[in-house]
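Peer 1:
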Amino acid sequence: MQPYYQIDFSAASCQFEASVNDIPVFTLSVAGQASTMVPINPGIFQSGKQKLSIKLLPLPGELSVSPNAEFKYNIKVFDVNHSFTFKEQLPGYEFPPVDASKYYPVLTHESIFMADVPYTIQAFQNATDLRTMPDLKEQVRAAYQQVADLIDQAAYDRFKAALANREQIMSTTMYLNKQESDARLQELITDFQSGFKVEALPLDAVVHLYANGKIAALKKPNGESALTLIDKKTGEELTIELSVYLPQGKTTMEVI
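For the sequence shown, position 49 matches number 49 in full-length UniProt numbering, and the numbering has no gaps at all.
1. For lysine 219, does the count of other Cβ atoms within 10 angstroms reach 16, so buried, or fall short, so exposed?
2. Output the distance between the C-alpha atoms of leucine 90 and phenylalanine 45, rounded to the nearest integer angstrom.
3. Indicate whether the contact test is met: 3 or more Cβ pairs, each with one atom in the stretch 96 to 107 and one in the stretch 60 to 76, closer than 8 Å.
4. In terms of residue numbering, what span does the alpha helix (DSSP H) encompassing phenylalanine 95 cover?
5. Between aspartate 149 and phenylalanine 95, what straight-line distance do the alpha-carbon atoms span, to the nearest angstrom?
6. Give me the DSSP bridge partner(s) of alanine 216.
7. Flag this pair as touching only if the stretch 72 to 82 and the stretch 6 to 15 have three or more C-beta atom pairs under 8 Å; answer yes or no.
8. If you check the beta carbons only, do threonine 108 and leucine 56 fall under 9 Å apart?
9. What do you get for isoleucine 23, buried or exposed, if any count of 16 or more other CB atoms within 10 angstroms of its CB means buried?
10. Would you kindly report the start and end of the unbroken alpha helix (DSSP H) that includes asparagine 165?
11. Are the beta-carbon atoms belonging to valine 255 and alanine 143 less than 9 Å from one another?
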């Protein structure tokens with residue numbers, strides 16, 4: 001069996017972030033309403049207890065979670081090895097109505113669920129703790145800029161090498177074969193070649209820490225990745241989600 005865990009959610013009038021074991025698996029800003037299922041296996045590194053965290057945040061430009069905000073979810077389990085067969089539904093949660101008379105910069109919910117997966121991943125667990133790094137923002141920005149430069153230079157083999165750790169984790173947790181894994185990066189490269197150009201990293205981008213301080217991400221104030229490309233002809237935007245870490249014994253950050 002290849003268990004495939006998905007969060008089945010419905011959201012309205014909020015920005016939210018879903019994390020598994022302090023690894024962000026999905027971030028979305030919903031001005032109206034939205035409902036879908038999103039895989040959470042990329043945050044599951046071994047069988048056993050898993051912690052799911054949901055943060056409800058104000059919509060971009062607002063200071064408090066909207067009184068119209070709604071969010072509810074459950075977890076559905078499928079077996080990828082048998083034609084994506086539905087196996088079971090795990091308990092979920094629904095946020096109570098938001099009190100309009102109170103100020104909420106964030107609302108949170110955490111729950112524990114059990115997962116049984118046929119893999120164990122050791123990726124960042126022994127990495128350097130970034131919480132005490134004095135030049136953290138500069139190092140994170142430098143790592144993002146390095147990836148941006150590879151795209152600008154059309155150095156696609158080096159781009160693939162830079163993202164190899166990330167893609168290996170994704171391939172393992174999502175049960176991708178080599179062809180499917182290769183297609184993920186090739187799709188991005190095709191977009192780069194079709195006219196998408198890297199935007200300058202925003203000066204107001206903020207570093208977010210995850211995985212008990214072992215992983216960092218550079219994000220815009222609205223929660224989106226700081227690494228963005230624009231197709232000047234169509235105005236279409238392409239956002240590349242990145243996380244970086246500092247392996248033990250290394251002096252420069254790497255993508256994970």
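The beta-carbon is built from N, C-alpha and C at its ideal position, and this holds for glycine as well.
Nothing here was measured: the structure is a model prediction, and the numbers come from that model.
Peer 2: Concretely, from the data shown:
1. As a position in the sequence shown, residue 219 is number 219, starting the count at 1. Its Cβ being crowded by 16 or more others within 10 Å, lysine 219 is buried.
2. One-based indexing of the sequence shown puts residue 90 at position 90. One-based indexing of the sequence shown puts residue 45 at position 45. In a straight line, the C-alpha of leucine 90 is about 19 Å away from that of phenylalanine 45.
3. yes
4. The sequence position of residue 95 within the sequence shown is 95, counting from 1. Taken as a continuous stretch (DSSP letters only), phenylalanine 95 belongs to no alpha helix (DSSP H), as it is neither H nor E.
5. Numbered from its first residue, the sequence shown carries residue 149 at position 149. Numbered from its first residue, the sequence shown carries residue 95 at position 95. Rounded to whole angstroms, aspartate 149 to phenylalanine 95 spans 42 Å at the Cα level.
6. Indexing the sequence shown from 1 puts residue 216 at position 216. Answer is Leu209 and Val244, bridged to alanine 216.
7. Yes: the two stretches touch, three or more of their Cβ pairs being nearer than 8 Å.
8. As a first step, residue 108 must be located in the sequence shown, where it is residue number 108. As a first step, residue 56 must be located in the sequence shown, where it is residue number 56. A contact, by the Cβ cut-off of 9 Å.
9. Counted from its first residue, the sequence shown places residue 23 at position 23. So isoleucine 23 counts as buried.
10. As a first step, residue 165 is located in the sequence shown; it is residue number 165 there, counting from the start. Start and end: 164 to 173.
11. Indexing the sequence shown from 1 puts residue 255 at position 255. Indexing the sequence shown from 1 puts residue 143 at position 143. Yes.
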